[in-house]
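J.: Here it is, the structure, as structure tokens.
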Amino acid sequence: MPFTFKKQIFGFMDLIRFTKMVPKRREKLAEGSAEKIPATYRVNETAKILHPGYQSAKLVKITQNTADTKTYEFETDKPFYFRAGQYMTLGTNVNGSEASRPYAVSSAPGAALGKRVAFTVKKCGFFSGYLFDNAKEGDIFTVGDPSGEFCYEPLKDAKHVVAVAGGSGITPFYSMAQAIADGTMDFKLTIFYGAKTEEDLIFKKELDALGSDKIRLVYVLSDEKKAGYESGFIGADLISKYVSGDFTVMMCGPQAMYAFLDKELKKFDLPPRRIKKEANTVGVRDVKEEHYKIKVKIGFESYTVDADSRETVLVALERAGLKVPAKCRAGGCGFCHAKLVSGSFSIPGADKRRLADSKFGYFHPCCSYPDSDMEIIANKA
Ligand code: FES
Numbered sequence: 001m002p003f004t005f006k007k008q009i010f011g012f013m014d015l016i017r018f019t020k021m022v023p024k025r026r027e028k029l030a031e032g033s034a035e036k037i038p039a040t041y042r043v044n045e046t047a048k049i050l051h052p053g054y055q056s057a058k059l060v061k062i063t064q065n066t067a068d069t070k071t072y073e074f075e076t077d078k079p080f081y082f083r084a085g086q087y088m089t090l091g092t093n094v095n096g097s098e099a100s101r102p103y104a105v106s107s108a109p110g111a112a113l114g115k116r117v118a119f120t121v122k123k124c125g126f127f128s129g130y131l132f133d134n135a136k137e138g139d140i141f142t143v144g145d146p147s148g149e150f151c152y153e154p155l156k157d158a159k160h161v162v163a164v165a166g167g168s169g170i171t172p173f174y175s176m177a178q179a180i181a182d183g184t185m186d187f188k189l190t191i192f193y194g195a196k197t198e199e200d201l202i203f204k205k206e207l208d209a210l211g212s213d214k215i216r217l218v219y220v221l222s223d224e225k226k227a228g229y230e231s232g233f234i235g236a237d238l239i240s241k242y243v244s245g246d247f248t249v250m251m252c253g254p255q256a257m258y259a260f261l262d263k264e265l266k267k268f269d270l271p272p273r274r275i276k277k278e279a280n281t282v283g284v285r286d287v288k289e290e291h292y293k294i295k296v297k298i299g300f301e302s303y304t305v306d307a308d309s310r311e312t313v314l315v316a317l318e319r320a321g322l323k324v325p326a327k328c329r330a331g332g333c334g335f336c337h338a339k340l341v342s343g344s345f346s347i348p349g350a351d352k353r354r355l356a357d358s359k360f361g362y363f364h365p366c367c368s369y370p371d372s373d374m375e376i377i378a379n380k381a
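Under the working numbering, the first residue of the sequence shown carries the number 1, and numbering increases by one thereafter.
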């Protein structure tokens, strides 16, 4: 029923009540505790401990998983909390540039409370390539707060999660499987893990050791036929062979896998909220090389930096040694949000900006490529 506002006459009785209000309030204050209000509350202190923001992290162990994948284990300054499936931004200075990249956490949430966190990295792109070729034990990095919604939500998701992983996309599911095994999380997880060959499967031994009535593994090889493995690609028929009833699908892998699964999953007629995709970071764009200038204002300082049409605005700023906020590097979190004063840019794929952002001239430097000289206002990291 629509709310109707009734006009009321300010009456004599209201005046009486009003005069009584102040003495009544004084009475209540006098009845209250004389103890001082605490300067801080336990819940705030706990929140500060569990979400310490950017902190430094020492690389303590490197493990080679496959020919092109390594796991980097860090000891953080402070303990922190994350949900299995979330990512964190790992950053360091590479040849004078502030470089960073988000990685899904591959370790268990419980380990973070003991100041340990691990990321499993495939050798590709600028930052991952640097890690692969140059990072050594003892190096100091920064890690940001855990972010992302690629997590199990007990109120929204089915009790059974069908995880579809391609290549290094196994990392968030490995974290979830560990969390289920140690009792931190409670749901049934069937992981369909696709790779070219058996040798390309990361954490095969560790995943097999976690197998239980709650964690089931189905390995799918596309380039090799082997006993004990499914072959081909992960599609509706294969999922139906192992799974029935109500389920949520979570997928993490290359864009081509998503395109294939988008068609395949239609056969299950799942509501959109039951299909979750981890966003892929934005890479180098395949266009003719052009060079532009970006004038950027950060706080009270102004800088002019060189930009390459094939790289995002964020990469141009970082290459110039400027520190600006960034988390997902996929256009999803809005953390890098900057104002466009002049110039033009392109966004590959879907424009994930909020309506108000695009209306008032804000854009996401992490996924926007310069198409001309630009003038922008960015936030301080
Ligand atoms: S870093 Fe998340 S939208 Fe740019």
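We put the beta carbon where it would ideally sit given N, CA and C, even for glycine.
How is residue 129 classed by DSSP in three states: helix, strand or coil?
T.: Three-state result, residue 129: helix.
J.: Following a CB-centred definition, is residue 330 positioned closer than 7 Å to any heavy atom of ligand 1?
T.: yes
J.: Start and end of the alpha helix (DSSP H) containing residue 15?
T.: 12 to 31
J.: Does the region 168 to 187 come close enough to the region 111 to 127 that 3 or more CB-CB pairs lie under 8 Å?
T.: yes
J.: Can at least three beta-carbon pairs, one atom from the region 94 to 102 and one from the region 334 to 341, be found at a separation below 8 Å?
T.: no
J.: Please name the residue, chosen from 113, 40 and 159, that lies closest to residue 248 on a Cα-to-Cα basis.
T.: The option with the nearest alpha carbon to residue 248 is 159.
J.: Helix, strand or coil for residue 363, going by three-state DSSP, please let me know.
T.: Residue state, collapsed to three classes: strand.
J.: Straight-line CA distance for residue 382 to residue 203?
T.: Residue 382 falls outside the range modelled here, since the chain spans only 1 to 381, and no answer is possible.
J.: Could you check whether the Cβ of residue 380 sits closer than 7 Å to any heavy atom belonging to ligand 1?
T.: no
J.: Compare the Cα-Cα distances from residue 330 to each of 350, 345 and 219 and report the closest residue.
T.: 350
J.: Using the DSSP secondary-structure output, state which residues sit across from residue 64 in a beta bridge.
T.: Note: residue 64 sits in a beta bridge opposite 70.
J.: Please find out if some non-hydrogen atom of ligand 1 comes closer than 7 Å to the beta-carbon of residue 326.
T.: yes
J.: I'd like the list of long-range same chain contacts for residue 321, defined as Cβ closer than 7 Å, with 5 residues on each side in sequence excluded.
T.: 96, 97 and 98
J.: Indicate the three-state DSSP secondary structure (helix, strand or coil) for residue 75 in the structure shown.
T.: strand
J.: For ligand 1, is there a heavy atom less than 7 Å away from the beta-carbon of residue 334?
T.: yes
J.: Between which two residues does the beta strand (DSSP E) containing residue 108 stretch?
T.: Unbroken run through residue 108: none, as it is neither H nor E.
J.: Taking Cβ positions, are residue 366 and residue 348 nearer each other than 8 Å?
T.: no
J.: Counting C-beta neighbours from all protein chains within 10 Å, is the total for residue 25 16 or more, i.e. buried, or is it exposed?
T.: exposed
J.: Using the Cβ count rule (16 or more neighbours within 10 Å means buried), how would you classify residue 1?
T.: Annotation note: pLDDT 49 at residue 1 (below 50); position unreliable, no value reported.
J.: Closer than 7 Å to a non-hydrogen atom of ligand 1 - does that hold for the CB of residue 366?
T.: yes
J.: Figure out for me which residue from 74, 273, 201 and 240 has the closest Cα to the Cα of residue 267.
T.: 240
J.: Residue 197 to residue 341, Cα distance in whole Å?
T.: The alpha-carbon atoms of residue 197 and residue 341 are separated by roughly 50 Å.
J.: For a test of the three-state rule: what should DSSP assign to residue 34, helix, strand or coil?
T.: coil
J.: What does the Cβ neighbour count give for residue 251, buried or exposed, with the cut at 16 atoms within 10 Å?
T.: buried
J.: Which same chain residues end up closer than 8 Å to residue 113 when comparing Cβ atoms and leaving out the 5 residues on each side of it in sequence?
T.: 79, 80 and 81
J.: Measure the alpha-carbon distance for residue 64 versus residue 71 and round it to whole angstroms.
T.: Approximately 6 Å between the Cα atoms of the pair.
J.: In this structure, how does DSSP classify residue 1 when only helix, strand and coil are distinguished?
T.: Residue placement at residue 1 is flagged as unreliable, the pLDDT there being 49, under the threshold of 50; a coordinate-derived value is accordingly withheld.
J.: Could you check whether residue 311 and residue 284 sit closer than 8 Å to each other, using their CB atoms as the reference points?
T.: In contact: residue 284 and residue 311 (Cβ atoms closer than 8 Å).
J.: Is residue 35 closer than 8 Å to residue 58 when the C-beta atoms are compared?
T.: no
J.: What's the C-alpha gap between residue 29 and residue 22?
T.: 11 Å
J.: I believe residue 305 touches residue 296 by the beta-carbon criterion, under 8 Å. Please report the beta-carbon distance rounded to the nearest angstrom.
T.: Contact check for residue 305 and residue 296: beta-carbon distance about 7 Å, within the 8 Å limit, so the pair qualifies.
J.: Can the beta-carbon of residue 153 be found closer than 8 Å to that of residue 116?
T.: Result no, Cβ atoms of residue 153 and residue 116 do not sit closer than 8 Å.
J.: Just list the alpha helix (DSSP H) runs in the region 221 to 280, keeping only unbroken ones of 4 residues or longer that don't cross its boundaries, in chain order.
T.: 236 to 242 and 255 to 264
J.: Quick one: Cα of residue 344 to Cα of residue 293, how far?
T.: 12 Å
J.: Hey, residue 148 and residue 87 are a contact pair by Cβ (cut 8 Å); roughly how many whole angstroms apart?
T.: Taking C-beta atoms under 8 Å as the contact rule, residue 148 and residue 87 qualify, at a distance of about 5 Å.
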